[in-house]
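So the structure is just underneath, and the comments pick up after that.
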Amino acid sequence: MRQPIRAQNRLAASTQPSPSPSHIPEVSSMTTRIYSVPSISCEHCKHAIESEVDELSEVSFVEVHVPSKTVRVEGDASDDSIRSAIDNAGYEVEGIVT
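In my numbering, the protein residues as written are -16 to 81.
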């Protein structure tokens, strides 16, 4: 009797050796920060800040939330470089929410 293909695949997968430590990807030290920027008021603000912060190579994600006047940034960029990018867009960071 033949086993269903899915069962064969599971069996084959379970007999494969586990990856050696040199093949395990490194865990990133990526952080998420949310900045309070009170002068955010419109879509123009959103696009200006997102464009400027996205230029930082260490940033993997940036999102401006207009109603809460916050900027969420994920990545390994330093706090100073993120604040500087927001400043270059013409906005001032009031503080870090988280």
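Backbone N, C-alpha and C fix where the C-beta goes; we use that ideal spot for every residue, glycine too. These numbers come from a predicted model, not from an experiment.
Q | Complete alpha helix (DSSP H) runs within the stretch 21 to 79 (minimum length 4 residues, chain order) | A | 26 to 37 and 62 to 71
Q. According to DSSP, which residues form a beta bridge with Thr81?
A. Thr81 is not bridged to any residue.
Q | Burial state of Gly58 (16 or more Cβ within 10 Å) | A | buried
(Q) Among Val76, Thr14 and Gly78, whose alpha-carbon lies nearest the alpha-carbon of Glu41? (A) Thr14
Q) How close, in whole Å, do the beta carbons of Ile79 and Val54 come, if the pair is a contact with beta carbons under 8 Å? A) The pair is not a contact, with the Cβ atoms about 10 Å apart (cut-off 8 Å).
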